[in-house]
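Chains as they are written, first to last, in our numbering: chain L, 4 to 383; chain X, 30 to 336; chain W, 35 to 280.
Beta carbons: idealized from backbone N, C-alpha and C, even for Gly.
Bear in mind that the values here come from a model prediction, so they are computed numbers and not experimental data.
Shown next, in structure tokens, is the structure this report addresses.
Shown next, in the form of structure tokens:
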């Protein structure tokens with residue numbers, strides 16, 4: 004049992020994860036209406052990306068400013084599947100070419116492009132959501148890490164890739180729905196995803212998936228590989244000269260972060276009901292870095308809170324002070340970097356955690372005291 | 030290639046080339062500023078685009094003054110605006126270095142994030158001060174019109190003017206960097222900061238000046254930009270990704286590399302634009318650059334300094 | 035029958051922009067030999083180690099280690115072939131404990147998936163304790179490596195190499211910055227660990243060199259200046275002129 008606890012991050016981390024789970028699965032659904040819960044679900048999809056960034060940026064030192072691309076891969080795959088289902092010949096009978104998505108019809112496309120074919124099947128869609136981001140990350144990672152491109156250069160190139168992806172998606176309207184994206188998603192295998200009951204279920208699914216990702220992250224970090232990440236961040240050469248292929252280490256964590264982001268994107272498409280290129284580009288990719296930074300770039304659980312809180316603040320501020328929230332975001336970037344680089348998790352660890360631990364140890368100290376005196380008595 | 034005569038093709042190339050040249054000039058000025066900052070300090074200034082925007086807005090303000098309040102300024106206001114644009118962005122850059130960049134020394138990724146945040150704040154300030162819609166500069170008469178060397182080639186005068194400013198700026202930077210005392214200090218600091226410090230060079234002051242200068246050049250880019258298109262709060266940020274690629278592609282520490290890279294990227298985009306849609310031209314250009322960078326990460330003209 | 039020569043360097047040259055840091059060097063290291071490389075600064079000593087371990091690519095020439103041509107391999111493959119390199123400034127994982135530093139250097143589970151599922155078995159633990167004792171750090175196993183003294187960090191790095199069990203160990207100035215007693219301890223340590231393997235050491239402390247060297251190679255301006263037993267080399271006129279002084 005101890006081994007399992009250690010393998011997934013240790014007692015403290017698991018307690019914190021439990022607290023998060025209770026918050027997400029019990030407290031929020033009981034206290035929020037379905038509209039707000041759906042919003043939280045949306046924020047949680049960004050948390051997938053933030054969690055991935057904790058691994059590849061916080062621990063691996065690899066700053067990717069293009070995680071939106073992976074988010075988009077997952078989102079678009081799921082959206083394409085859902086769109087195809089919503090574009091059955093009966094639903095689209097008024098189109099000049101029934102049986103294909105509406106935006107294709109508007110662009111005078113008469114036949115479903117080959118690229119869309121696999122998305123008739125849910126199994127294939129899910130498979131693609133898991134493998135395409137990994138493959139893509141592998142390609143980019145192999146090209147760059149094998150050539151020792153890192154740090155700032157890597158960040159800029161990922162930004163360029165996000166930019167390229169956005170331009171490509173917007174430009175190829177017929178294939179991707181262009182700047183409006185893929186909208187009007189209705190059912191998944193016959194089950195309608197739009198009514199409230201569906202939103203509840205999808206919210207729970209999203210939470211569960213996210214917690215699974217956090218657990219996977221904990222496992223990775225608690226393993227020897229996790230220590231390698233820390234070692235590599237501090238002393239890459241020594242890792243290399245201890246017989247490790249550093250490029251492979253980086254590729255793996257980058258790919259893992261990519262897959263997490265894709266899962267987030269897929270859940271986004273399901274919960275929000277559409278997918279567009281504004282969730283793929285440079286601006287949103289950098290925002291996701293901030294969610295991670297605010298939460299604490301070295302804390303998987305912190306990243307989830309970071310995503311929730313920043314988005315909450317953003318929503319509240321943009322309603323009351325529409326001009327101000329951009330300034331708020333900008334100030335947040337600066338503040339996090341200058342003032343609290345370990346994010347909320349850092350603040351928690353420095354100020355809150357010692358009090359929490361003291362609370363628990365006081366209880367066990369009194370128990371220890373009585374045990375000790377019992378032991379002394381037994382000895383004499 | 031699609032039924033054009035060779036004469037027409039030449040004309041197309043020249044004219045697209047020239048519209049590419051204006052783009053090249055803006056890229057080059059932006060990239061020059063950024064290359065100086067990145068090459069010298071290893072700092073990525075994500076707010077660089079906002080300095081271009083500021084330069085453009087300063088130019089616009091001067092132009093408004095010249096048209097509305099003091100019409101006697103009409104003819105010569107533009108060069109004055111360029112100087113003011115430089116001054117304004119230089120001062121802002123100086124302050125930014127002092128208050129922000131200095132504290133993030135040796136943390137390049139964090140500087141990236143912090144300057145992105147700064148960019149957002151600046152954009153919002155512009156939006157609140159100048160309004161969300163784009164503003165245009167009223168061009169003095171001598172800048173309007175075009176020059177037609179042959180029957181089918183038509184070159185706009187403002188494009189030539191932008192080229193002029195760019196050449197002048199580039200020349201000035203080269204002279205500064207290679208022929209002045211400051212230039213030696215900069216190059217010494219780039220190559221061996223510890224040694225430069227030990228030799229008595231105030232590297233902090235050099236950094237501050239360098240950063241401010243880089244921003245100033247972006248301001249001039251902004252002024253030049255007003256002759257080509259109108260300016261809005263987010264204008265600068267449109268060019269930032271391209272500018273970074275230009276800098277990285279050219280080899281961050283090499284001025285020549287920056288020039289060649291800016292030229293190549295701008296021209297490729299412009300010429301491709303004629304034959305493909307605008308977005309595909311950009312995609313193919315960017316993809317090629319990224320592809321080449323994957324094989325040669327140090328860029329075209331890698332610096333020979335062993336870091 | 036294995037040849038007595040473990041490492042054969044032939045006509046090795048590397049040039050940086052025209053400057054030849056190592057120029058047509060020939061060097062042969064035998065099994066179980068402790069070879070010390072000395073020479074003035076800029077002689078190419080560290081560059082030589084860089085070339086062998088793969089940190090720098092040679093412009094021409096060959097490095098053959100136990101029948102394998104090293105110039106064709108990547109760094110981590112050279113390590114796996116049995117070459118360990120210690121750097122001039124201690125290159126350890128400051129944020130991890132001594133124990134973790136050693137565990138990470140254990141030569142199993144060095145692929146991504148291998149490391150994800152690597153378990154610290156009793157065997158690994160035993161080996162870590164063994165090496166920790168060798169390097170005088172058995173009472174410091176749970177100290178954060180960043181808190182060690184300079185000398186202890188050097189020992190830790192040697193330990194991290196030892197645990198890989200390399201056949202060729204390369205140490206770049208192992209006693210730099212150490213006190214006299216630390217030097218003595220290190221000399222004794224080197225004596226112990228050189229049993230069953232070859233060691234190349236770069237050093238400036240001549241007393242230390244005398245203590246440990248079987249043979250000495252003197253480099254000057256990237257070329258071989260002299261080679262032989264320490265007392266022969268010390269009497270060599272060219273060496274005295276260039277390096278040792280009067």
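- Classification of residue 50 of chain W by the beta-carbon crowding that lies within 10 angstroms, buried from 16 upward: exposed
- Task: Please report the residue range of the alpha helix (DSSP H) in which residue 54 of chain W lies.
- Result: Taken as a continuous stretch (DSSP letters only), residue 54 of chain W belongs to no alpha helix (DSSP H), being part of the beta strand (DSSP E) at 53-64.
- Consider the Cβ of residue 236 of chain X: report whether some Cβ of chain L lies at a distance smaller than 8 Å. no
- Under 8 Å between beta-carbons, which chain L residues line up against residue 64 of chain X? List them in chain order, please. Annotation: residue 64 of chain X has no Cβ neighbours in chain L at a cutoff of 8 Å; minimum Cβ distance is about 13 Å.
- Query: When the cut-off is 8 Å and only beta carbons count, does residue 50 of chain L lie next to chain X?
  - Reply: no
- Task: Using three-state DSSP, classify residue 237 of chain L as helix, strand or coil.
- Result: Helix.
- Message: My output table needs one value for residue 152 of chain L: the three-state DSSP class, helix, strand or coil.
- Response: coil
- Query: Rounded to a whole number of angstroms, what is the C-alpha to C-alpha distance between residue 11 of chain L and residue 290 of chain L?
  - Reply: Rounded to the nearest angstrom, the two C-alpha atoms are 29 Å apart.
- Residue closest to residue 202 of chain X, alpha-carbon to alpha-carbon, out of X:243, X:123, X:274: X:243
- Which residues of chain L have a Cβ atom closer than 7 Å to the Cβ of residue 125 of chain W, listed in chain order? 238, 240, 241
- Query: Count the other CB atoms within 10 Å of the CB of residue 325 of chain L; is the residue buried (16 or more) or exposed (fewer)?
  - Reply: exposed
- Determine, using beta carbons only, whether residue 246 of chain L comes closer than 8 Å to chain W. yes
- Could you confirm whether any beta carbon from chain L is found closer than 8 Å to the beta carbon of residue 277 of chain X? It does: the Cβ of residue 277 of chain X has a partner Cβ on chain L nearer than 8 Å.
- Message: The beta strand (DSSP E) that contains residue 244 of chain L, what's its start and end?
- Response: Unbroken run through residue 244 of chain L: none, as it is neither H nor E.
- Query: Is the CB of residue 204 of chain W under 8 Å away from at least one CB in chain L?
  - Reply: Cβ-Cβ to chain L under 8 Å: no for residue 204 of chain W.
- Take every Cβ of the stretch 73-82 of chain L, pair it with every Cβ of the stretch 266-284 of chain L, and state whether three or more of those distances are shorter than 8 Å. As far as the Cβ criterion goes, the stretch 73-82 of chain L touches the stretch 266-284 of chain L, which means the pair count is three or higher.
- Query: Using a C-beta to C-beta distance shorter than 7 Å, which residues of chain L count as neighbours of residue 149 of chain W?
  - Reply: Neighbourhood of residue 149 of chain W in chain L, by CB distance below 7 Å: 226, 227, 228, 231, in chain order.
- Task: Please report how far the alpha carbon of residue 339 of chain L lies from the alpha carbon of residue 319 of chain L, in whole angstroms.
- Result: 20 Å
- Using DSSP with H/G/I as helix, E/B as strand and the rest coil, what is residue 186 of chain X? helix
- Task: State yes or no: is the C-beta of residue 85 of chain W within less than 8 Å of the C-beta of residue 230 of chain L?
- Result: no
- Query: chain X beta carbons: is any one of them nearer than 8 Å to that of residue 382 of chain L?
  - Reply: Confidence is the limiting factor: at residue 382 of chain L the pLDDT is only 46, short of 50, which leaves the residue's position unreliable, though a coordinate-based value still follows. No, residue 382 of chain L lies away from the interface with chain X (no Cβ there is under 8 Å from its Cβ).
- Answer yes or no: does any C-beta atom of chain W fall closer than 8 Å to that of residue 255 of chain L? yes
- Pair within 8 Å by beta-carbon distance, residue 167 of chain L and residue 312 of chain X: In this structure, residue 167 of chain L lies near residue 312 of chain X, with their beta-carbon atoms less than 8 Å apart.
- Message: Pairs of beta-carbons, one from the stretch 56-69 of chain L and one from the stretch 272-280 of chain L, closer than 8 Å: are there three or more?
- Response: no
- Item | One or two residues paired with residue 131 of chain W in a DSSP bridge | W:178
- May I ask which residues mark the beginning and end of the alpha helix (DSSP H) holding residue 209 of chain X? It is not in any alpha helix (DSSP H) - residue 209 of chain X carries neither H nor E in the DSSP assignment.
- Query: Would you say residue 137 of chain X faces chain L, with C-beta separation under 8 Å as the test?
  - Reply: yes
- Query: Taking the C-alpha atoms as reference points, what is the distance between residue 376 of chain L and residue 164 of chain W?
  - Reply: A caution first: residue 376 of chain L carries a pLDDT of 48, below 50, which makes its placement in the model unreliable, though a value can still be read off. Rounded to whole angstroms, residue 376 of chain L to residue 164 of chain W spans 40 Å at the Cα level.
- Message: So, at 6 Å on beta carbons, what are the nonlocal neighbours of residue 310 of chain L in its own chain, with the 5 sequence-adjacent residues on each side left out?
- Response: Cβ-Cβ distances below 6 Å link residue 310 of chain L to 46, 49, 50, 53, 294 in the same chain, with the five nearest sequence neighbours on each side left out; the list follows chain order.
- Hey, quick one: how far does the alpha helix (DSSP H) through residue 167 of chain X stretch, first residue to last? Counting along the chain, residue 167 of chain X falls outside any alpha helix (DSSP H), and DSSP gives it neither H nor E.
- Output the distance between the C-alpha atoms of residue 190 of chain W and residue 235 of chain W, rounded to the nearest integer angstrom. 17 Å
- Message: With a threshold of 6 Å on Cβ separation, who are the neighbours of residue 20 of chain X within its own chain once the five nearest residues in sequence on each side are excluded?
- Response: No information on residue 20 of chain X is available, as it lies outside the stretch 30 to 336 that chain X covers here.
- Return the CA-CA distance between residue 170 of chain L and residue 136 of chain L, expressed in angstroms with no decimal places. 19 Å
- Got a sec, what are the start and stop residues for the alpha helix (DSSP H) residue 126 of chain X sits in? 106-128
- Message: Suppose you measure from the CA of residue 206 of chain X to the CA of residue 199 of chain X; what does that come to, to the nearest Å?
- Response: 10 Å
- Item | DSSP three-state assignment for residue 69 of chain W, whether helix, strand or coil | strand
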